[in-house]
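At position 166 of the sequence shown the residue is numbered 166 (the UniProt record's numbering), and the sequence of numbers has no breaks.
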Amino acid sequence: MIEIRPARPEEIPRQKELWKLAFGDEDAYINYFYDHGDLSQVLLLLEDGVVWTMAALFPVTLSLPEGGSASSAYIYALATHPDARKRGYGRFLLSYIDFYLKEKGTDCVTIVPAEPSLHKFFATTGLTECFALRKVELLPDMIGAPAPEDRLEPVSPAEYDALREGLLAGSLHISYGEGLIAYQRGLSQMAQADLYRLTVGGETGVAAAEYLDEETVMVKELLLPHKAMAGGAALLAAALPARRYHFRTPPHWDGLPGSYLQAYAMVKWYDPALEKEWRDQRRGYLGLGFD
1 MIEIRPARPE EIPRQKELWK LAFGDEDAYI NYFYDHGDLS QVLLLLEDGV
51 VWTMAALFPV TLSLPEGGSA SSAYIYALAT HPDARKRGYG RFLLSYIDFY
101 LKEKGTDCVT IVPAEPSLHK FFATTGLTEC FALRKVELLP DMIGAPAPED
151 RLEPVSPAEY DALREGLLAG SLHISYGEGL IAYQRGLSQM AQADLYRLTV
201 GGETGVAAAE YLDEETVMVK ELLLPHKAMA GGAALLAAAL PARRYHFRTP
251 PHWDGLPGSY LQAYAMVKWY DPALEKEWRD QRRGYLGLGF D
């Protein structure tokens, strides 16, 4: 018999096993999620009492350009045990998530597909493209040196959140709140980087960075006015030595030279009015996917 329900504390070891088999993440990364379990709701699919599929829901807010907002959830760590794949369990759990969130009055749900091929799979479950990124990979000699007067310093989650919302005001974007920004800070610090406030040519912005390995830095989010972006990249490269840098910036801004647009996250609308207004949107900004 198939059962879908919220997770129980005694099932955490099985969830960790499933997570590791599905994604191959290090134990410290997985443990970090469970050490912050108050930030999310984990749902499980079981068959005959055995946990086979899981997903976590982070509560987030969809901020609208005119200043309004919509309630949302970010589906994270959707995973099925390798021995149970091709049984449709992922679809079952996603269908239950729709029911669960609609019952709570949630306006929409979002997901970041773990790899490009999964965009097609999630499209078959009713999710549509909505959020994109500008991306570029740069080598150190393509970045240059920061100006002497420019500054970079670690920033608190509260200040990062406030600056982020100010920079993104007037756009369709996901707002995380201080709690989930703090969650990202922990991920960044585990990966030998941090959340930063940048001051470039009198402009203030923020960045969230992580080392992917000893030679590669991922700047998951760089928010600065266009004229200051190159200076922000220079500050980050000076503070975080590496052989290559991946920068992500909002799709509705001019990005760094050589950047290109890429679909990133998907949405399913539960509110018909929101769907009517935003169903053709392809350049919303989610930004901090916890990938």
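Just so it is clear, CB atoms sit at the ideal spot from N, CA and C, and this is done for glycine as well.
From GLN262, ASP150 and PRO257, pick the residue whose C-alpha is nearest to that of LEU236; which is it? ASP150
Taking the alpha-carbon of VAL50 as reference, which of TYR29, LYS20 and ILE12 has the nearest alpha-carbon? ILE12
Do you know whose CA, among ALA265, TRP278, ALA228 and ALA263, lies nearest PRO257's CA? ALA228
Closest to LEU45 by C-alpha separation, out of PRO65, HIS252, SER95 and PHE58, would be which residue? SER95
Among the candidates GLU210, VAL219, GLN184 and PRO225, whose CA atom is the shortest distance from the CA of GLY202? Closest in C-alpha terms to GLY202, from the list GLU210, VAL219, GLN184 and PRO225, comes PRO225.
Alpha carbons only, please: which of GLY37, ASP27, ASP194 and SER171 is nearest the one belonging to LEU286? Nearest option by C-alpha distance: SER171.
Residue span of the alpha helix (DSSP H) that contains SER95, given as start and end: 89-103
How many angstroms separate the CA atom of ARG197 from the CA atom of GLU210? 15 Å
Express the C-alpha separation of ALA265 and ILE4 in angstroms, rounding to a whole number. 25 Å
How is ILE143 classed by DSSP in three states: helix, strand or coil? coil
Given a cut-off of 8 Å, decide if VAL109 and residue 295 are closer than it, judged by their beta-carbon atoms. Nothing can be reported for residue 295: it is not among the residues displayed for the chain, which extend from 1 to 291.
Rounded to the nearest angstrom, what separates VAL155 and ALA147 at their Cα positions? Answer to the nearest angstrom: the Cα atoms are 20 Å apart.
Using the C-alpha atoms, what's the distance from SER63 back to residue 305? For the chain, the structure presents residues 1 to 291; residue 305 sits outside this window and is missing.
Determine the extent of the beta strand (DSSP E) in which SER188 is found, giving its start and end residues. Taken as a continuous stretch (DSSP letters only), SER188 belongs to no beta strand (DSSP E), being part of the alpha helix (DSSP H) at 177-190.
Using CA coordinates, which residue listed in VAL219, LEU93 and LEU43 is at the minimum distance from ARG8? LEU43
Can you find the residues in the same chain that come closer than 7 Å, C-beta to C-beta, to ILE30, ignoring five residues on each side of it along the sequence? LYS16, TRP19 and LYS20
Unbroken alpha helix (DSSP H) runs of length 4 or more, entirely within the UniProt domain "N-acetyltransferase" (2-146): which are they? 12-23, 27-35, 89-103 and 118-123
8 Å Cβ cutoff met for ILE143 and LEU127: Contact flag unset, no.
Pick from GLN189, PRO157, THR204 and SER175 that is closest to ALA182, judged by C-alpha positions: PRO157
Find the nearest neighbour of LEU168 within the set MET190, LEU222 and VAL217, judged by alpha-carbon distance. Distance check between LEU168 and each of MET190, LEU222 and VAL217 places LEU222 closest, using alpha-carbon atoms only.
DSSP state of HIS246 mapped onto helix, strand, coil: strand
Would you identify the three-state DSSP class for TRP253, choosing helix, strand or coil? coil
Would a C-beta distance cut-off of 8 Å place SER71 and ASP107 closer than the cut-off? Their beta carbons are under 8 Å apart, which means SER71 touches ASP107 by this criterion.
Between the CA atoms of ASP161 and TYR32 - distance to the nearest angstrom: 21 Å
Label PRO241 either buried or exposed according to how many other C-beta atoms from any shown protein chain fall within 10 Å of its C-beta, with 16 as the threshold for buried. It counts as exposed.
Using CA coordinates, which residue listed in GLU66, TYR34 and THR80 is at the minimum distance from ALA22? THR80
Using CA atoms only, rank isn't needed, just tell me which of PRO65, GLU66 and GLN41 is closest to MET54. GLN41
Short Cβ contact (8 Å threshold) for GLN184 with PHE290: Yes, they are a contact pair.
Run through DSSP, which three-state label would ARG197 get? strand
If you follow the alpha helix (DSSP H) that ALA162 is part of, which residue opens it and which one closes it? 157-168
Assign GLU221 to one of three DSSP states: helix, strand, or coil. For GLU221, the three-state secondary structure derived from DSSP is strand.
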